[in-house]
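Peer 1: Got a structure for you, questions after.
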């Protein structure tokens, strides 16, 4: 062994489909100085035993893009290398047997429209025609796809590896990474064959991701769950006929397809989630090509339903059972992107590795090499998990996700495990008033107020709670409303260089005068959105910022990572121990005025300013701003005092008509004001794409992303539109159509309760006409009218009100 320290630009830990696909895509982008380390043989973790399905009938544009990119990559590699990937393009059906499932199938058709994927919404007769062995008595509808299929896991991995080696990258089998430590600007990896210094590290370690992550100070929210699939004896009816499509049906929580001349049945148990190698210990290093004993008791009921659905399999023997570990995350999404540790990237937590590998590899490679991804990837960003993600939460919520993965994903669907996870001081008060909660980054936030103990109805159309939200919005517009926004990212940034730091990160100028506030967008080097924050300048060297709670860790890390050596900057994250109440409405000055000695007049406390004041004996940061477009204040204070503030507001506010406000009404009022939110400020666009030019100040100043922003021509426009529908709203991700062709997609929407209109934001290609557009919702084209300004108070007089 040489004493010379080997170096590489990128070290990849793990030789399954996720790691190999990442290395291939890096090589495609010109990064060939890479080494992939695999402790055994390629695919020997979870990849080798995968059933290998790749579907196009999926629920989101991102999922559809990932799957499509994967199969396009695999086919291209097969042509290049001549090595078979074992692809069977047999098509598929996703079955609906309930009304909610039919609506889901209709929504899937929108994904197909966005990505130009061939698919059709069909009835039971077409299912029976293509698969005469499938019982269709209870089938109400199905999505038929024509380019779905299944792939050979080992074959495609080896083809990718061959193509990667041909580009000059290295793969080292039987060389286990034993540990890692920070060395200079990179990482020193200890391997069985000597130390290697790497500038970047990609953790693609599958079931080993937990313990590998610990070397880098990371807690990786990934759990190994056991999944069965069974292969039957030969099916005589399969002889001398074309291969059957892949059938997916929630009735038995899985899939049925043909495996050569046998049947293959995959089951995801809906009542139990067997896990192995739980956190923090993780998988044993000696595990290789590991399988587990079948548990027919856990899958028996589901298996009987599958046999009933396809009776020709019922009387056959089972010649092979595969029960292996597959990684899952608490929300079911992958972990692909920056980890939070410097130059450490994740490509793991994948429960559908073959379908996701090629697309995930492209996302990660583009992120690493170019600093941006070709599609909005916030749903995959590993930093989306906050400090609430304890080992116990990760395991228990992942079990919940596994058992619910074949539930119908209606809008409003929530997890129920470990609820409430964080019970702050207002929880019991709000529950006693009929709050129906939704979980936001581990916190409970009221969605609306109904009867005590009420359960929320969910679905694509307007639900019974629609009237509740209408009443909350109306009362807030007429008098005042208060919403619990204790789940909020709050940072204090101080020091002589704090202003210089924030100014060079912000596309907009930061407040020049003490006490003033501004809306600021922090951009990437490519001029795309990193995040949106409000900045309040408390003093010359002291700032307070606010942003959505889901961005607490990523935003804090992003700002902190840009502090230069020698700069005098200190940062404190208040998100976990401070809370916030937002008081809005024409009566808010009168209510707050009875609880404070501070002068709340326009002259003394103007719009978009902040002060440190005392309210009901509680020292608060009071910011005069309102996300619903009313006269109002945000009151920020330590969580232990939020209850005192809340009680005082209602003690005084009762005579003023103060009401509790939930997030559904809050969102509807936001839409009435044409305020953009996180759905519009995605990682694949910048300020000029979404009409935020007024928040970009370039003259006489430099900031991160400035040059790229000015050089790139906007490719998108953001339209504010009214949907002409009586019973349904835009949820986000639906196609925008012109003459029946997709020209964009929706980002977010909601019902404007005080104007009686359904409203939404539409991303469309630059140059798209404003007339003749429609939005495809549940497979019907609903006309829209594009508005140039807010539907409600377009002159923005109400937030500035003196009354």
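In the working numbering, the protein residues as written are 295 to 1097.
Each residue gets a CB set at the ideal place from its N, CA and C atoms; glycine is no exception.
#1: Where do the ends of the alpha helix (DSSP H) carrying residue 954 lie?
#2: Pull up the DSSP beta-bridge partners for residue 1040, would you.
#3: Can you name the start and end residues of the alpha helix (DSSP H) that residue 627 belongs to?
#4: Please classify residue 672: is it buried, with 16 or more other beta-carbons within 10 angstroms of its beta-carbon, or exposed?
#5: Taking the alpha-carbon positions, what's the residue 1087 to residue 444 distance?
#6: Can you tell me whether residue 321 is buried or exposed? The criterion is at least 16 other CB atoms within 10 Å of its CB, across all chains shown.
#7: Excluding the 5 residues flanking residue 628 on each side, which residues of the same chain have their C-beta closer than 7 Å to its C-beta?
#8: Report the partner residues of residue 593 according to the DSSP bridge assignment.
#9: Comparing alpha-carbon positions, which option in 424, 690, 661 lies nearest residue 496?
#10: Can you name the start and end residues of the alpha helix (DSSP H) that residue 947 belongs to?
#11: Using DSSP's beta-bridge definition, name the partner residues of residue 543.
#12: Give the straight-line distance between the Cα atoms of residue 841 and residue 421, rounded to the nearest whole angstrom.
#13: Using the three-state DSSP reduction, which class does residue 837 fall into: helix, strand or coil?
#14: Using three-state DSSP, classify residue 1051 as helix, strand or coil.
#15: Taking only runs of the beta strand (DSSP E) that begin and end inside the stretch 700–782, which ones reach a length of at least 3 residues, in chain order?
#16: Roughly how many whole angstroms lie between the Cα atoms of residue 1096 and residue 856?
#17: Do residue 878 and residue 770 have their C-beta atoms closer together than 9 Å?
#18: Is residue 571 near residue 641, with beta carbons less than 9 Å apart?
#19: By the three-class DSSP mapping on this structure, what secondary structure does residue 429 have?
#20: Identify the continuous alpha helix (DSSP H) that holds residue 686 and give its terminal residues.
#21: So what does DSSP say about residue 366, is it helix, strand or coil?
#22: So for residue 352, helix, strand or coil by DSSP?
#23: Tell me where the alpha helix (DSSP H) around residue 455 begins and ends.
#24: When the Cα of residue 766 is compared with those of 625, 954, 914, 846, which residue comes out closest?
#25: Report buried or exposed for residue 952, applying the criterion of at least 16 other Cβ atoms within 10 angstroms of its Cβ.
#26: Assuming residue 850 contacts residue 874 (C-beta within less than 8 Å), just tell me the rounded distance between them.
#27: On the three-state DSSP scale, how would you describe residue 890?
#28: In terms of residue numbering, what span does the alpha helix (DSSP H) encompassing residue 1000 cover?
#29: Just curious, the beta strand (DSSP E) that residue 958 is in, first and last residue?
#30: Going by C-alpha to C-alpha distance, which of 493, 677, 518 sits closest to residue 505?
#31: Would you mind stating whether residue 456 and residue 371 have Cβ atoms separated by less than 9 Å?
#32: Flag this pair as touching only if the stretch 1017–1029 and the stretch 1041–1060 have three or more C-beta atom pairs under 8 Å; answer yes or no.
#33: So residue 706 packs on residue 750, CB below 8 Å; how close in whole Å?
#34: I need the boundaries of the beta strand (DSSP E) containing residue 1029, first residue and last residue.
#35: Excluding five sequence neighbours on each side, which residues of the same chain lie with their C-beta closer than 8 Å to the C-beta of residue 664?
#36: Let me check one thing: in DSSP terms, what residues is residue 1013 bridge-paired to?
Peer 2: Once the coordinates are examined:
#1: The count along the chain shown starts at 1 and reaches residue 954 at position 660. Counting along the chain, residue 954 falls outside any alpha helix (DSSP H), though it belongs to the beta strand (DSSP E) covering 952–954.
#2: The sequence position of residue 1040 within the chain shown is 746, counting from 1. 1056.
#3: Indexing the chain shown from 1 puts residue 627 at position 333. First-last for residue 627: undefined, no H or E at that position.
#4: Within the chain shown, numbered from 1, the residue matching residue 672 stands at position 378. Label assigned to residue 672: buried.
#5: Taking the chain shown and counting its residues from 1, the one referred to as residue 1087 is at position 793. Taking the chain shown and counting its residues from 1, the one referred to as residue 444 is at position 150. Cα-Cα distance, rounded: 54 Å.
#6: One-based indexing of the chain shown puts residue 321 at position 27. That one is buried.
#7: Position 334 of the chain shown holds residue 628. So the qualifying residues of the chain are 643, 644, 650, 654, 674.
#8: For this step, residue 593 is matched to residue 299 along the chain shown. Residue 593 pairs with nothing; no bridge assigned.
#9: For the purposes of this step, residue 496 is taken as residue 202 along the chain shown, with counting starting at 1. The candidate whose alpha carbon is nearest that of residue 496 is 661.
#10: Position 653 of the chain shown, counted from the first residue, corresponds to residue 947. First-last of the alpha helix (DSSP H) with residue 947: 936–947.
#11: To locate residue 543, count along the chain shown from 1; it is residue 249. DSSP, once it has assigned bridges, lists 389, 548 as partnering residue 543.
#12: By 1-based counting over the chain shown, the position of residue 841 is 547. By 1-based counting over the chain shown, the position of residue 421 is 127. So the two alpha carbons sit approximately 48 Å from each other.
#13: Mapped onto the chain shown, residue 837 falls at position 543. DSSP places residue 837 in strand when its eight states are reduced to three.
#14: Mapped onto the chain shown, residue 1051 falls at position 757. If DSSP states are grouped into helix, strand and coil, residue 1051 belongs with the strands.
#15: 729–734, 737–743, 774–778
#16: Indexing the chain shown from 1 puts residue 1096 at position 802. Indexing the chain shown from 1 puts residue 856 at position 562. Going by the C-alpha atoms only, they are around 40 Å apart.
#17: Position 584 of the chain shown, counted from the first residue, corresponds to residue 878. Position 476 of the chain shown, counted from the first residue, corresponds to residue 770. Contact: yes.
#18: The residue you call residue 571 lines up with position 277 of the chain shown. The residue you call residue 641 lines up with position 347 of the chain shown. No, Cβ-Cβ distance for residue 571 and residue 641 is not below 9 Å.
#19: On the chain shown, position 135 is the one that residue 429 refers to. Note: residue 429 maps to coil in three-state DSSP.
#20: For the purposes of this step, residue 686 is taken as residue 392 along the chain shown, with counting starting at 1. Unbroken alpha helix (DSSP H) run through residue 686: 685–698.
#21: Within the chain shown, residue 366 is the residue found at index 72, counting from 1. Three-state DSSP puts residue 366 in a helix.
#22: In the chain shown, the residue the question calls residue 352 occupies position 58. Coil.
#23: On the chain shown, position 161 is the one that residue 455 refers to. Per DSSP, residue 455 belongs to the alpha helix (DSSP H) from 447–460.
#24: Walking along the chain shown from the start, residue 766 turns up at place 472. Nearest option by C-alpha distance: 954.
#25: For the purposes of this step, residue 952 is identified with residue 658 of the chain shown, where counting begins at 1. So residue 952 counts as buried.
#26: Here residue 850 corresponds to residue number 556 of the chain shown, with the count starting at 1. Here residue 874 corresponds to residue number 580 of the chain shown, with the count starting at 1. Between residue 874 and residue 850 the Cβ distance is about 17 Å, and since that is not below 8 Å, they are no contact.
#27: The residue given as residue 890 occupies position 596 in the chain shown. The answer is coil: DSSP assigns residue 890 none of H, G, I, E or B.
#28: As a first step, residue 1000 must be located in the chain shown, where it is residue number 706. Element bounds for residue 1000: 1000–1005.
#29: What you label residue 958 is simply residue 664 of the chain shown in a count that begins at 1. Element bounds for residue 958: not the beta strand (DSSP E) but the alpha helix (DSSP H), 957–966.
#30: For the purposes of this step, residue 505 is identified with residue 211 of the chain shown, where counting begins at 1. Considering only alpha carbons, the answer is 518.
#31: For the purposes of this step, residue 456 is taken as residue 162 along the chain shown, with counting starting at 1. For the purposes of this step, residue 371 is taken as residue 77 along the chain shown, with counting starting at 1. Yes; because the gap between Cβ atoms is below 9 Å, this pair is in contact.
#32: yes
#33: Counted from its first residue, the chain shown places residue 706 at position 412. Counted from its first residue, the chain shown places residue 750 at position 456. With 8 Å as the limit, residue 706 and residue 750 qualify as a contact, their Cβ atoms being about 6 Å apart.
#34: Along the chain shown, one-based indexing puts residue 1029 at 735. From DSSP, the beta strand (DSSP E) with residue 1029 extends over 1029–1032.
#35: Sequence index remark: in the chain shown, residue 664 carries index 370 (1-based). Around residue 664: 323, 820.
#36: By 1-based counting over the chain shown, the position of residue 1013 is 719. DSSP lists 1056 as partners of residue 1013.
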